[in-house]
């Protein structure tokens, strides 16, 4: 049986209006802190679950935040979702996770926002065609903030400067004496305009070396493992590998083991993102560690401010990653 506000009010001998105000987090100077605690404790003990649709009609809020991602396949995005959900849960919000359909789709339409309204949206690594939405009615109707690696100049954002991180990673490989440094990435990101690709290409050329792009599609671990094995058998192996993200670095590590190549003696290996799995190999992976917890916490602060004041000045922050050197590239 569903526990109602009326049932809680009867149990506590309070008016339904008082219980409703407390459970809907509405300020009322005539409701004491003691009464608020009694209501919240009774609601928890009795198993009360709010009717989200009814609450939205009364308060104009859903206490629901949409997390919109253009991909959820890599472990990095799993960690981003976890960090954001922890931030939101502590403040009494729930999350709706949706995946944007692709570069030809507006992305947000695929989440069904018109059918189930949310109080705000956190867009993770937005696609380029989302930029016009920041100038249109969406920003007025549903506040949002962008996070990841792609700054949207006309919107709130918290992004990580992977250009500097990638440059440091490639310079590290050069400092080890690597002269054939491959860039291992998905085909969809092997193009100018991507921060990691641009930093790799620029740093390699400045060092007087030849770029070596190893593009794979799809960029899953199993496919990347097989693709790298085939590449090395056909063309020989680079003495250094910079991987677009840690999932590809883990796949590369396994492929090199399959081929009987030693890491880091024969191939120095560097990933990007800093997911936990990189620490649990026989030779833990060097990686560009992104400040995910700080990024998610700051993004939630920005979104809360935007929800309170849609006309507030833009809030924009660029965070710096850290190259953590571990045995996979320590010679």
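Numbering (my numbering), first residue to last: 6 to 336. Every residue, glycine too, gets a C-beta built ideally from N, C-alpha and C. Quick caveat: nothing in here was measured; it's all calculated off a predicted structure.
Segment contact, 8 Å Cβ cut-off, at least three pairs: the region 180–195 with the region 149–158: no
First through last residue of the beta strand (DSSP E) which encompasses residue 190: In the chain shown, the residue the question calls residue 190 occupies position 185. First-last of the beta strand (DSSP E) with residue 190: 186–191.
Close Cβ partners of residue 200 (< 7 Å) along its chain, the five nearest in sequence each way excluded: As a position in the chain shown, residue 200 is number 195, starting the count at 1. The answer, listed in chain order, is 154, 167, 168 and 171.
Whole-angstrom distance between residue 242 and residue 184, CA atom to CA atom: As a first step, residue 184 must be located in the chain shown, where it is residue number 179. As a first step, residue 242 must be located in the chain shown, where it is residue number 237. Taking the straight line from one Cα to the other gives about 11 Å.
Candidates 316, 317, 309 and 259, of which the one nearest residue 289 by Cα: Within the chain shown, residue 289 is the residue found at index 284, counting from 1. Comparing Cα-Cα distances from residue 289 to each of 316, 317, 309 and 259, the minimum goes to 259.
Proximal residues to residue 279 (C-beta, below 6 Å), its chain only, five neighbours per side dropped: On the chain shown, residue 279 is found 274 positions in, with the first residue counted as 1. Answer for residue 279: 292, 294 and 295, listed in chain order.
Nearest candidate by alpha-carbon position, reference residue 227, set 263, 271, 99 and 197: Within the chain shown, the letter at position 222 stands for residue 227. When only C-alpha atoms are compared, the closest one is 263.
Extent of the continuous alpha helix (DSSP H) to which residue 129 belongs: To locate residue 129, count along the chain shown from 1; it is residue 124. Segment 125–129 is the beta strand (DSSP E) holding residue 129; no alpha helix (DSSP H) there.
Beta carbon of residue 10 nearer than 7 Å to that of residue 24: Locating residue 10 in the chain shown gives position 5, counting from the first residue. Locating residue 24 in the chain shown gives position 19, counting from the first residue. Yes, these two residues count as a Cβ contact at 7 Å.
Rounded C-alpha distance that separates residue 303 from residue 163: In the chain shown, counting from the first residue as 1, residue 303 sits at position 298. In the chain shown, counting from the first residue as 1, residue 163 sits at position 158. Rounded to whole angstroms, residue 303 to residue 163 spans 7 Å at the Cα level.
For residue 381: DSSP bridge partner residues: Outside the displayed span of the chain (6 to 336) sits residue 381, for which this structure offers no information.
Counted within 10 angstroms of its Cβ, other Cβ atoms place residue 52 as buried (16 or more) or exposed: Taking the first residue of the chain shown as 1, we reach residue 52 at position 47. Exposed: under 16 other Cβ atoms inside 10 Å.
Where the beta strand (DSSP E) containing residue 303 begins and where it ends: For this step, residue 303 is matched to residue 298 along the chain shown. Taken as a continuous stretch (DSSP letters only), residue 303 belongs to no beta strand (DSSP E), being part of the alpha helix (DSSP H) at 297–313.
Burial state of residue 159 (16 or more Cβ within 10 Å): Along the chain shown, one-based indexing puts residue 159 at 154. So residue 159 counts as exposed.
Beta strand (DSSP E) segment containing residue 164, residue limits: Position 159 of the chain shown, counted from the first residue, corresponds to residue 164. Run containing residue 164: 161–165, per the beta strand (DSSP E) assignment.
Distance CB(residue 45)-CB(residue 173) smaller than 7 Å: Counting from 1 along the chain shown, the entry for residue 45 is found at position 40. Counting from 1 along the chain shown, the entry for residue 173 is found at position 168. Not a contact, by the Cβ cut-off of 7 Å.
Given residue 306 as reference, the closest of 150, 230, 276 and 214 once Cα atoms are compared: As a working note, residue 306 is residue 301 in the chain shown. Of the listed residues, the one whose Cα sits closest to residue 306 is 150.
Spatially closest choice to residue 217 from 203, 225, 230 and 98, by CA coordinates: On the chain shown, residue 217 is found 212 positions in, with the first residue counted as 1. Checked all of 203, 225, 230 and 98; the closest Cα to residue 217 is 203.
Residue 92 classed as buried or exposed, judged by whether at least 16 other C-beta atoms fall within 10 angstroms: Indexing the chain shown from 1 puts residue 92 at position 87. It is buried - the Cβ of residue 92 has at least 16 other Cβ atoms within 10 Å.
Environment of residue 249 [buried if 16+ CB atoms lie within 10 Å]: Walking along the chain shown from the start, residue 249 turns up at place 244. Residue 249 should be labelled buried.
Cα-Cα separation between residue 35 and residue 41, rounded to whole angstroms: Here residue 35 corresponds to residue number 30 of the chain shown, with the count starting at 1. Here residue 41 corresponds to residue number 36 of the chain shown, with the count starting at 1. Taking the straight line joining both Cα atoms gives about 11 Å.
Whole-Å CB distance - residue 88 paired with residue 297, under 8 Å assumed: Numbered from its first residue, the chain shown carries residue 88 at position 83. Numbered from its first residue, the chain shown carries residue 297 at position 292. Indeed they touch by this definition, with Cβ atoms about 5 Å apart.
Beta carbon proximity, residue 292 to chain C, threshold 7 Å: No chain C appears in the structure shown, which is made up of a single protein chain.
For residue 90 and residue 247, the rounded distance between their alpha carbons: For the purposes of this step, residue 247 is taken as residue 242 along the chain shown, with counting starting at 1. For the purposes of this step, residue 90 is taken as residue 85 along the chain shown, with counting starting at 1. If you take the alpha carbons of residue 247 and residue 90, they lie about 31 Å apart.
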